[in-house]
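Below: one structure, written as structure tokens.
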DNA sequence: TCAATAGTGTCTGTTAGACATTATGGA
DNA sequence: TCCATAATGTCTAACAGACACTATTGA
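Residue numbers (this note's numbering), protein chains in the order written: chain A, 1 to 223; chain B, 1001 to 1223.
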């Protein structure tokens, strides 16, 4: 993120770091001294690193821990404002385990997704696409499990899915689907959480690989 | 695609153009004189154009007609060979209506996907991702309809879907799903295609918008 | 007539979602 | 005791896929 060179850089890598916080997603932003505002952490790439490596390095350096998941979202191009003067930026989403300590210094801070300050046009686009990408690709990747401690209750797991997907799920259906997918196994521990019946703890233990979804769906096709 | 400047360009836009041809997907390649081989059509961007506009312009110029669908696939980065010396390339997929005439000159040619000559590492990655992107996003976009003439038989439509998705579909289920989605309406014309009972012609006429797919699926989650 | 393709009806297994019920703790 | 939460069972509607059957043409 150094802007020592006033030189035009070829492109930047911008990372949208998300973490569960207070039952919603929080976004990590960096201070933009030049504009006395906030921005996504970004970097001009090192020659020789792959895009993914560079993005992962940014996430790791800023949060002090490895992201649970990181994936490219899209390249966003010209005609949009960006803290750099690079003609394009490649956006990444990273999901950071909950409870990650506040990033060092006051140059970074977490913001609730709804309470985040306005960003430049290009970074705003990247954030919007990043959240959509998480929700689209969630069910192809066991991200949720890496955001939880090794032992968790099924309610916690469901809440994590709901947070990442941005919608409520049906409890019985959720558990049936979990069981059918052979993803978790029960431990012999139970946890009492205030009121109500204690919940059994489970651990992530994928056993089977299922064939992809069947059939055709014409959902949303009418456009 | 001009390589007049030996200068390093910031990035390139590479377009994977696909069209139905002989019951399989065909890929449009350009001659690479410098390497006496073939390559994806690519271009260094104009300042001021968006990525999408540049990609669409490439597709239109090369094929002489507007693509039926075009979408960004991904940016592919460092450490991979590319006809340019740009550090990254942004890949796009374009679907071109069938029956598009051969591109002008002998600098371009269509190749069946399986019969295409080997490309550089980076472009090979882009082609692989492009085909996967078509198959992933097909059911969110009415691409298939734009590849067919305004009036078509349901068998033709199904074959188009099978071609784009790369898998066989069940006839009765396909038609039921079509009907449920209110996407087509019958005309009063019929077409006799050699043997067998003539098929009724349909036209694309989306009427309803359906809610997204429901529930959670944990398919493929065990990884 | 036979072969080939279009189009439809019926059955079955699966599953999402709704709802109800039991289980088990804390207040 | 009442309340809150966990966990599970049952019912229904929707739907994918299999299969069979009818319809209508060309050879």
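We treat Cβ as the ideally placed atom computed from N, Cα and C, and that holds for glycine.
Compare the C-beta of residue i with all C-beta atoms of chain B and state if any pair is closer than 8 Å.
| i | result |
| --- | --- |
| residue 14 of chain A | no |
| residue 32 of chain A | no |
Is the beta carbon of residue j closer than 8 Å to that of residue i?
| i | j | result |
| --- | --- | --- |
| residue 95 of chain A | residue 68 of chain A | yes |
| residue 15 of chain A | residue 40 of chain A | yes |
| residue 24 of chain A | residue 163 of chain A | yes |
| residue 1157 of chain B | residue 1093 of chain B | no |
| residue 59 of chain A | residue 12 of chain A | no |
| residue 62 of chain A | residue 28 of chain A | yes |
| residue 1205 of chain B | residue 1185 of chain B | yes |
| residue 1009 of chain B | residue 1044 of chain B | yes |
| residue 178 of chain A | residue 187 of chain A | no |
| residue 1166 of chain B | residue 1135 of chain B | yes |
| residue 20 of chain A | residue 147 of chain A | yes |
| residue 122 of chain A | residue 89 of chain A | yes |
| residue 225 of chain A | residue 1078 of chain B | This structure cannot speak to residue 225 of chain A, because chain A is shown only from 1 to 223. |
Please report the straight-line C-alpha distance between residue i and residue j, rounded to a whole angstrom.
| i | j | result |
| --- | --- | --- |
| residue 183 of chain A | residue 83 of chain A | 43 Å |
| residue 70 of chain A | residue 150 of chain A | 20 Å |
| residue 74 of chain A | residue 1198 of chain B | 46 Å |
| residue 81 of chain A | residue 37 of chain A | 14 Å |
| residue 112 of chain A | residue 22 of chain A | 9 Å |
| residue 1175 of chain B | residue 1138 of chain B | 17 Å |
| residue 1106 of chain B | residue 141 of chain A | 45 Å |
| residue 1076 of chain B | residue 1153 of chain B | 39 Å |
| residue 161 of chain A | residue 66 of chain A | 20 Å |
| residue 126 of chain A | residue 109 of chain A | 18 Å |
| residue 1192 of chain B | residue 1097 of chain B | 23 Å |
| residue 1222 of chain B | residue 207 of chain A | The pLDDT assigned to residue 1222 of chain B is 42, lower than 50, so where the model puts this residue is not dependable; a value taken from the coordinates is nonetheless given after this. Going from the Cα of residue 1222 of chain B to the Cα of residue 207 of chain A covers about 7 Å. |
| residue 1129 of chain B | residue 1072 of chain B | 10 Å |
| residue 1170 of chain B | residue 1194 of chain B | 23 Å |
| residue 143 of chain A | residue 1196 of chain B | 52 Å |
| residue 1115 of chain B | residue 1189 of chain B | 38 Å |
| residue 1124 of chain B | residue 124 of chain A | 31 Å |
| residue 55 of chain A | residue 1168 of chain B | 38 Å |
| residue 1145 of chain B | residue 1064 of chain B | 20 Å |
| residue 1181 of chain B | residue 131 of chain A | 28 Å |
| residue 1033 of chain B | residue 1057 of chain B | 22 Å |
| residue 5 of chain A | residue 42 of chain A | Bear in mind that a pLDDT of 42 at residue 5 of chain A, under 50, signals an unreliable position, so the model cannot answer this. |
| residue 1117 of chain B | residue 1203 of chain B | 37 Å |
| residue 1159 of chain B | residue 102 of chain A | 54 Å |
| residue 1026 of chain B | residue 53 of chain A | 33 Å |
Helix, strand or coil: which one does DSSP assign to residue i?
| i | result |
| --- | --- |
| residue 175 of chain A | helix |
| residue 1089 of chain B | strand |
| residue 187 of chain A | strand |
| residue 1025 of chain B | strand |
| residue 1074 of chain B | strand |
| residue 102 of chain A | coil |
| residue 46 of chain A | coil |
| residue 1137 of chain B | helix |
| residue 9 of chain A | coil |
| residue 35 of chain A | helix |
| residue 1157 of chain B | helix |
| residue 1118 of chain B | coil |
| residue 1180 of chain B | helix |
| residue 1065 of chain B | coil |
| residue 205 of chain A | coil |
| residue 1169 of chain B | coil |
Below 8 Å on C-beta distance, what does residue i contact in chain B?
| i | result |
| --- | --- |
| residue 78 of chain A | 1045, 1047, 1048, 1049, 1050 and 1051 |
| residue 72 of chain A | 1074 and 1075 |
Are the C-beta of residue i and some C-beta of chain A separated by less than 8 Å?
| i | result |
| --- | --- |
| residue 1095 of chain B | no |
Along chain B, in chain order, which residues have C-beta atoms closer than 9 Å to that of residue i?
| i | result |
| --- | --- |
| residue 88 of chain A | 1010, 1011, 1045, 1051, 1075, 1088 and 1090 |
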